[in-house]
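Asks: Structure provided below as structure tokens; questions to follow.
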Amino acid sequence: MVSRRELLKGSSNSLLLCLLEQQPMYGYQIVKELEARSDGYFRFKEGTLYPALHRLEKSGLVIGKWQMLPNGRQRRYYYITAKGLAKLDQERTQWQDFLKALRLVLQPETSGM
Amino acid sequence: MQVMTPELTQYLENIKYRSKLENSDEAEVMSEIEAHIEDKVQELRESGLSQEEAIKTCLGQMGGTKVVARQIYEAYSQGSWKQVLLASMPHLLFGLLFTLNWWQYAGWLTIVLILVLATTIYGWFHGKPTWVFSWLGYSLIPVLAVGLMLLYLPQIWSLLALPIYFPLALWWLFRIIVQTTKRDWIFGSLMLLPIPIIIGWLLAISPEIKLTEASLQRVYYFAPWIGLSFLALGLTIAAFIRLRQRWLRLGLLAISGLLTLTLVVYYTTGRLNTLTFLGLILVMWGVLAMPPLVERFLRSGRRLTWKHKDTADSHSKQSA
Numbered sequence: 072m073v074s075r076r077e078l079l080k081g082s083s084n085s086l087l088l089c090l091l092e093q094q095p096m097y098g099y100q101i102v103k104e105l106e107a108r109s110d111g112y113f114r115f116k117e118g119t120l121y122p123a124l125h126r127l128e129k130s131g132l133v134i135g136k137w138q139m140l141p142n143g144r145q146r147r148y149y150y151i152t153a154k155g156l157a158k159l160d161q162e163r164t165q166w167q168d169f170l171k172a173l174r175l176v177l178q179p180e181t182s183g184m
Numbered sequence: 005m006q007v008m009t010p011e012l013t014q015y016l017e018n019i020k021y022r023s024k025l026e027n028s029d030e031a032e033v034m035s036e037i038e039a040h041i042e043d044k045v046q047e048l049r050e051s052g053l054s055q056e057e058a059i060k061t062c063l064g065q066m067g068g069t070k071v072v073a074r075q076i077y078e079a080y081s082q083g084s085w086k087q088v089l090l091a092s093m094p095h096l097l098f099g100l101l102f103t104l105n106w107w108q109y110a111g112w113l114t115i116v117l118i119l120v121l122a123t124t125i126y127g128w129f130h131g132k133p134t135w136v137f138s139w140l141g142y143s144l145i146p147v148l149a150v151g152l153m154l155l156y157l158p159q160i161w162s163l164l165a166l167p168i169y170f171p172l173a174l175w176w177l178f179r180i181i182v183q184t185t186k187r188d189w190i191f192g193s194l195m196l197l198p199i200p201i202i203i204g205w206l207l208a209i210s211p212e213i214k215l216t217e218a219s220l221q222r223v224y225y226f227a228p229w230i231g232l233s234f235l236a237l238g239l240t241i242a243a244f245i246r247l248r249q250r251w252l253r254l255g256l257l258a259i260s261g262l263l264t265l266t267l268v269v270y271y272t273t274g275r276l277n278t279l280t281f282l283g284l285i286l287v288m289w290g291v292l293a294m295p296p297l298v299e300r301f302l303r304s305g306r307r308l309t310w311k312h313k314d315t316a317d318s319h320s321k322q323s324a
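Chains as they are written, first to last, in this note's numbering: chain Z, 72 to 184; chain G, 5 to 324.
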């Protein structure tokens, strides 16, 4: 059985890109948003979020920019790039194909076959 | 609200120490994680937890410093192809000097040495990027060369100069190793890697460490193989820069160093006996083992700074 951690590891890039496609976010916001949107299923070890974001940044898929908040604190917001959008598109198709195939195997009676 | 307690500060310090980032990246990464911790603790406090409970929960959810720091290291460690070129260049330059037999022209030697010194000084004072450490190793050659030249002084002067020069040279070398180790000890090993190889060739060419007609003939004879060994070092450094994992980088240095030494012994066709080979392996082992030992020594000198280390890590383990 694949652990939830392994599943998250394999899908973290897609999840991060998908969230940033909606709007630019900073690290803590990403953690909260991911948890809320997955109904608590996806939980990062929060410290490991930053290496994941920085890997994406090094690959040119996202770009980080420091911004000053009204309360005077600084946050690093991540923006998805055009390269990131193209990659997300590619990964989204890949995941949809995977999920479709998985459903066909796990629930053959409800998949219209 | 004051969020950063000594415990949290220590957690950040441990990540900083283990992730071995360049200064420019380090400030950004640490500020980002610090902001995250502040947000998290503040939110937990607002949900009704005490300061102590909030910190404990926060550290648990952040993850252990070893894991976080390793992932940060791997996210930043891979150098660009430009860095690969810059880092392997001194090895390739010395390789060319011998392969093309330019080592006999004082002009080429001077140009290469000036280039090595200038590039090293530039890199050293511009944030010590990874590529500078392979140049740094070669910038120690003039120190060795001056020491060898002292052997040519009249015997009485030589006897007077050598006991003064060698401790000074060793002290200077140690200072450089300490400075390099402060950045990351693995760069100390990277910097010193050519030393056993160069010693091997020196012993094969002139066991009495004196430049004679016969030893010059041997340099001519061995030049392509000397060039090849420098090329092997250049390729090693290129692979080192591209690798992300620390254990792979260290393994690469050890295996490549050993193979290059074997190549030296093989091509010197019997001029280096088994005992010398074993001695060179010992020097290679020293090259790999000394920088982490120096780091350990330096770290134990700052033991007070690290005394909360285990507390922070154990918190995150307990809560994980």
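The beta-carbon is built from N, C-alpha and C at its ideal position, and this holds for glycine as well.
Which partner residues does residue 137 of chain Z have in the DSSP bridge list?
Replies: Z:147
Asks: Hey, how far is the Cα of residue 153 of chain Z from the Cα of residue 239 of chain G?
Replies: The alpha-carbon atoms of residue 153 of chain Z and residue 239 of chain G are separated by roughly 35 Å.
Asks: Taking any Cβ of chain G, which residues in the stretch 146 to 165 of chain Z have a Cβ under 8 Å from it, in chain order?
Replies: Listed in sequence order: 146, 147.
Asks: Nearest to residue 249 of chain G by CA position, among G:23, G:15, G:11, is which residue?
Replies: G:23
Asks: Is the beta carbon of residue 105 of chain Z less than 9 Å from the beta carbon of residue 90 of chain Z?
Replies: yes
Asks: Are the CB atoms of residue 284 of chain G and residue 203 of chain G within a distance shorter than 9 Å?
Replies: yes
Asks: For residue 155 of chain G, which residues in the same chain have their Cβ closer than 7 Å to its Cβ, ignoring the five residues on either side in sequence?
Replies: 162, 213, 214
Asks: So, using beta-carbon positions, are residue 83 of chain G and residue 139 of chain G closer together than 9 Å?
Replies: Not closer than 9 Å, so no.
Asks: Under three-state DSSP, which class holds residue 96 of chain Z?
Replies: strand
Asks: Identify, in the order they occur along the chain, each residue of the same chain with its Cβ nearer than 7 Å to the Cβ of residue 173 of chain G, setting aside the five sequence neighbours on each side.
Replies: 147, 151
Asks: So what's residue 114 of chain Z in DSSP terms, helix, strand or just coil?
Replies: Here residue 114 of chain Z sits in coil by DSSP.
Asks: I need the boundaries of the alpha helix (DSSP H) containing residue 109 of chain G, first residue and last residue.
Replies: Careful: residue 109 of chain G lies outside any alpha helix (DSSP H) and carries neither H nor E.
Asks: Under three-state DSSP, which class holds residue 103 of chain G?
Replies: helix
Asks: To the nearest angstrom, how far is it from the Cα of residue 29 of chain G to the Cα of residue 110 of chain G?
Replies: 41 Å
Asks: Looking only at its own chain, which residues have a Cβ that is under 6 Å from the Cβ of residue 20 of chain G, when we skip the five neighbours before and after it?
Replies: 34
Asks: Please list, in chain order, the chain Z residues whose beta carbon lies closer than 7 Å to that of residue 50 of chain G.
Replies: Close partners of residue 50 of chain G in chain Z (Cβ separation under 7 Å) are lacking, with about 14 Å as the shortest Cβ gap.
Asks: What first and last residue would you give for the alpha helix (DSSP H) that runs through residue 228 of chain G?
Replies: 217 to 246
Asks: Can you check whether the C-beta of residue 80 of chain G is within less than 9 Å of a C-beta belonging to chain Z?
Replies: yes
Asks: I need the boundaries of the alpha helix (DSSP H) containing residue 44 of chain G, first residue and last residue.
Replies: 27 to 50
Asks: Please list the terminal residues of the continuous alpha helix (DSSP H) segment that includes residue 125 of chain Z.
Replies: 120 to 129
Asks: For residue 13 of chain G, which residues of its own chain have a beta-carbon under 7 Å away from its beta-carbon, when the five flanking residues on both sides are left out?
Replies: none
Asks: With residue 195 of chain G as the anchor, note down where its alpha helix (DSSP H) starts and where it stops.
Replies: First-last of the alpha helix (DSSP H) with residue 195 of chain G: 189 to 196.
Asks: List the residues of chain G whose Cβ lies closer than 8 Å to the Cβ of residue 117 of chain Z, in chain order.
Replies: 40, 44, 65, 66, 67
Asks: Mark residue 304 of chain G as exposed unless 16 or more other C-beta atoms lie within 10 angstroms of its C-beta, in which case mark it buried.
Replies: exposed
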